[in-house]
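In my numbering, the protein residues as written are -1 to 77.
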């Protein structure tokens, strides 16, 4: 199992360039993207939902011993 970490400050191009560094078959877990999607759907607790969703995906990949990538925004206190 391989775990890829894409980390950096906001706006540095993590999401844009991840495809250049992460193998095509490897899922990328992006809590910020999940939060944006929940917010767009009108959820007021979008940050909490995104955190729970990301943590569930991480656990699932770990227990299955499957490769995954984790995108982290280092500009946030929670990371």
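Ideal Cβ positions, reconstructed from N, Cα and C, are used throughout, including at glycine.
Helix, strand or coil: how does DSSP classify residue 17 here?
-> As a working mapping, residue 17 is identified with position 19 in the chain shown. Here residue 17 sits in helix by DSSP.
With a threshold of 16 other CB atoms inside 10 Å of the CB of residue 38, please say whether the residue is buried or exposed.
-> Counted from its first residue, the chain shown places residue 38 at position 40. With fewer than 16 other Cβ atoms within 10 Å, it is exposed.
If you run the structure through DSSP and keep just helix, strand and coil, what is residue 66?
-> The count along the chain shown starts at 1 and reaches residue 66 at position 68. Strand.
List the residues that DSSP assigns as beta-bridge partners of residue 26.
-> Here residue 26 corresponds to residue number 28 of the chain shown, with the count starting at 1. Partner(s): 67.
What does DSSP give as the partner residues of residue 5 in its beta bridges?
-> Looking up residue 5 in the chain shown gives position 7. DSSP output for residue 5 lists 70 as bridge partner(s).
Do residue 36 and residue 47 have their CB atoms nearer than 8 Å?
-> Taking the first residue of the chain shown as 1, we reach residue 36 at position 38. Taking the first residue of the chain shown as 1, we reach residue 47 at position 49. Yes; because the gap between Cβ atoms is below 8 Å, this pair is in contact.
Helix, strand or coil: which one does DSSP assign to residue 61?
-> In the chain shown, the residue the question calls residue 61 occupies position 63. Residue 61 falls in the helix class under three-state DSSP.
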